[in-house]
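This report concerns only the one structure given below.
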Amino acid sequence: MEIPKPTETDKERFRELVPQRDDVEVKPMFGNLGAFVNGNMFMGLFGSQIGVKLAPADQERLREAGGGPYGPEGRPMGGYLTLPAAATAQQLDEWISSALAYVADLPPKQPKARRK
């Protein structure tokens with residue numbers, strides 16, 4: 001499986017869309033980027049695609065608005081959908097805000113125990 005690499009323009013666009021909050025962190029992931037809150041990813045970049053993790057009801061609404069699977073072809077990430085390419089700035093902000101609110105309410109991710 002080949003992981004698509006984002007361009008610098010893709011990375012810049014992603015960073016511009018990430019909400020500027022003290023509890024939000026952007027980290028590299030497999031040559032792409034992820035935005036995290038409490039250790040959980042709420043938004044990711046996969047090649048040129050931006051995906052968000054949403055509550056099930058919001059997932060359905062995003063599918064109806066043109067969102068599709070997010071992640072490797074044939075192995076999409078569960079709970080994540082891509083943002084539609086034709087979405088307006090306001091629509092992007094709404095989806096991203098919904099993802100951040102949903103994931104911020106999840107239990108904080110616990111660090112994995114280090115191997116000895």
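If you count the sequence shown from 1, position 80 lands on 80 in the UniProt record's numbering, and the numbers rise without skipping. Yeah, the Cβ is synthetic: ideal placement off N, Cα and C, and Gly gets one too.
Enumerate, from N- to C-terminal direction, the unbroken beta strand (DSSP E) stretches of 3 or more residues contained entirely within the region 3 to 41. 24 to 29, 32 to 37
Is P56 helix, strand or coil by DSSP? helix
Cutoff 6 Å; reference P69; Cβ partners in own chain excluding five residues on either side: P76
Please return the same chain residues whose Cβ sits closer than 7 Å to the Cβ of G67, not counting the five positions on each side in sequence. L81, T82, L83, P84
K112 beta carbon less than 8 Å from that of G79: no
Less than 8 Å between the C-beta atoms of Y11 and L33, yes or no? At residue 11 the sequence reads Lys, which differs from the Tyr that was named. Yes, Cβ-Cβ distance for K11 and L33 is below 8 Å.
Per-residue DSSP class, three states only, for Y70: coil
Assuming F14 contacts L100 under a Cβ cut-off of 8 Å, what Cβ separation, rounded to an integer in Å, is found between them? Actually they are not in contact, since the Cβ atoms of F14 and L100 sit about 14 Å apart, beyond 8 Å.
Measuring alpha carbon to alpha carbon, tell me which of I3, P19, F36 ends up nearest L106. F36
Which one of E2, K109, D93, N38 has the shortest CA to CA distance from G51? D93
Candidates G31, L17, G39: which alpha carbon is nearest D23's? G39
Taking the alpha-carbon of S48 as reference, which of P108, E8, K27 has the nearest alpha-carbon? E8
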